[in-house]
Amino acid sequence: MRLALLSPLPPDPSRLARHAAQFRRALNLGGIDVLTPLVGQRPLESLQAARAWVAERDWRGVDVVHAELAPGQRTVYWVMQALARLPEGPALTATVHAPPVLLGQPLHAPFAGLYHTRWLPRLSRQASAWLASPFTRHSDRRLARRLAGVLCTSEAEATRLARRLRLPRERITVLPQGLPETGCQPLPPGPLRLLCLSGPGQALRPLQDLVAALTQLAAQATPEGDPLPSWQLTLAGATAASCFEPPRHDPLTRLQTDLRLKALGERITWQLDPDPQDLPALMAAHHLLVLPERPQPWGLGGTEPGPTSPQAASELALAVGRPMLVAQQSGLAEQVASGNGATYTGTDAAALMAVLQDLLTDPERLSAWAAQAHRQAASRQWPQLSARYVGFFQQVLGRSGRRATK
3 MRLALLSPLP PDPSRLARHA AQFRRALNLG GIDVLTPLVG QRPLESLQAA RAWVAERDWR
63 GVDVVHAELA PGQRTVYWVM QALARLPEGP ALTATVHAPP VLLGQPLHAP FAGLYHTRWL
123 PRLSRQASAW LASPFTRHSD RRLARRLAGV LCTSEAEATR LARRLRLPRE RITVLPQGLP
183 ETGCQPLPPG PLRLLCLSGP GQALRPLQDL VAALTQLAAQ ATPEGDPLPS WQLTLAGATA
243 ASCFEPPRHD PLTRLQTDLR LKALGERITW QLDPDPQDLP ALMAAHHLLV LPERPQPWGL
303 GGTEPGPTSP QAASELALAV GRPMLVAQQS GLAEQVASGN GATYTGTDAA ALMAVLQDLL
363 TDPERLSAWA AQAHRQAASR QWPQLSARYV GFFQQVLGRS GRRATK
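Structural data, given as structure tokens:
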């Protein structure tokens, strides 16, 4: 089988490029010949340019074209639109990285111009995305009708995709993404150490809910009336110096002035603007990742989320073998469905405090979560996922009626 992969690839430093490189290696392990026609290609800015680019190439020897669709990947989106118009083209598939949308940004004038004008106020750019949403949804659905198969990472994402794109549910396959090869490590000794990673553009309110929960936790006692075992929280992530958005979207700097955090004293430590290469060691030095993130409607996804974004942080926690505590509204609830953590109501600080209190009084629960995280990490290494990805593409070819190239 010959497959053309449409995605950025290294030396592009983005997380999506690293994912695509691992994905390509997994397909090669399964015997699929992977072509990368976009490597070295300058960005295409319109459907007309993409149609000309597609017309210059011979697609008859390609069985499947697979796209990695994520915010900001306009070239990939345009090329898929152009391929969908070929009368006898290859089968088309895609991995959707930001469900329920395929691209997550306006494509049509004048909304696209407003959206990508960086000097405009954030609300103006969000308004352009909202006004363009009917046109964006129509474009997504038109492309989705030509997709022979779609990959996503959870049942919740599959449900949202099927509803928004009006796709038959059987055309959407749920497969976990492979994890970084960092190696699981045992839990560190000592008191409970919590880690909260803040991504670029993180909303301040969920972090304030976490602060409220920790303030309540510090005042609690065990059922016998004794103080709770000691604990510590590390707040890590991007500040104004490295955030993609203006300084007003830098929650960590604003939290540093919070009197409630100052009152917690040495229980709170900071790791501002950590080097991405240091994140695995930082994660391994803690017992539990806390993700209070909640989705923001009409968020600006023009730049790919950084290494401390909720999705990247959860994948890193799994790769290192660390359990997680996530807000139900974050869309990451399925990441802990196997027993490698728990969820809590994102707007309820008391509920979060109660879960943390239980962990402090019952350390065996944390050990059980960590053991399950280690098992899940082992099952999500790229070599283990290779056969499942190959099976997906074989099913796609079977449904499309095409015959795989020898």
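Under my numbering, the first residue of the sequence shown carries the number 3, and numbering increases by one thereafter. Glycine is no exception: its CB is placed at the ideal position from the N, C-alpha and C atoms.
If you look at M355, you'll find it in the alpha helix (DSSP H) that goes 351-363. Using a 10 angstroms sphere on the CB of V41, the tally of other CB atoms stays under 16, which defines it as exposed. If you check the CB distance, H289 and L196 come in under 9 Å. Restricting attention to S402, E47, Q179, G33, the CA atom closest to the CA of A114 is found in E47. Cβ-Cβ separation between L399 and A93: approximately 6 Å, consistent with a contact (criterion under 8 Å). Pairing L88 with E157, the inter-Cα distance amounts to about 31 Å. For the 9 Å CB-CB criterion, D211 and A351 form a contact. In terms of Cα proximity to R17, the closest of A72, M3, G63 is A72. In this structure, Q204 lies near P253, with their beta-carbon atoms less than 9 Å apart.
The alpha-carbon of N342 is positioned some 48 Å away from that of Q50. For A134, same chain residues with a beta-carbon under 6 Å away, outside a window of 5 residues either side, are P108, F113 in chain order.
By the Cβ-count criterion, R76 is buried, with 16 or more other Cβ atoms from all chains shown falling within 10 Å of its own Cβ. By the Cβ-count criterion, W132 is exposed, with fewer than 16 other Cβ atoms from all chains shown falling within 10 Å of its own Cβ.
The alpha-carbon separation between L169 and L163 amounts to approximately 7 Å.
For the pair S388 and L358, the Cα-to-Cα distance works out to about 37 Å. A Cβ-Cβ separation of about 5 Å places G180 in contact with Q24 under the 8 Å criterion. Secondary structure at A205: coil, using DSSP grouped into helix, strand and coil. S316: member of the alpha helix (DSSP H) spanning 312-322, first to last residue. Q273 carries a strand assignment under DSSP once its states are collapsed to helix, strand and coil.
The three-state reading of DSSP puts V328 in strand, counting E and B together. For the 9 Å CB-CB criterion, L8 and V81 form a contact. The three-state secondary structure of L125, taken from DSSP, is helix.
About 6 Å separates the Cβ atoms of F394 and G151, confirming a contact at the 8 Å cut-off. Judged by their CB atoms, F137 and H118 are not nearer to each other than the 9 Å cut-off.
With contacts defined by Cβ atoms closer than 9 Å, L263 and L257 form a contacting pair. Under the 10 Å beta carbon count, G185 is surrounded by fewer than 16 other beta carbons and is classified as exposed. Contact annotation: L334 and Q313 have beta-carbon atoms nearer than 9 Å. Shortest Cα-Cα distance from A86 to any of P10, V98, G63, A57 involves A57. Listed in chain order, the non-local C-beta contacts of W233 below 7 Å within the same chain comprise P193, L194, L196, R269, L362, local neighbours out to five positions each way being set aside. The residue from A373, R26, A100 with its alpha-carbon nearest to that of V67 is R26. In this structure, the straight-line span from the alpha carbon of L29 to that of P12 is close to 17 Å. In this structure, DSSP gives Q386 a helical state, which the three-state scheme calls helix. V67 has A6, L94 as its beta-bridge partners, per DSSP.
In the three-state scheme derived from DSSP, where H, G and I count as helix and E and B as strand, P136 is classed as helix. Listed in chain order, the non-local C-beta contacts of G323 below 7 Å within the same chain comprise C186, Q187, A372, A375, H376, A379, local neighbours out to five positions each way being set aside.
Counting only the Cα atoms, A329 lies some 23 Å from A221.
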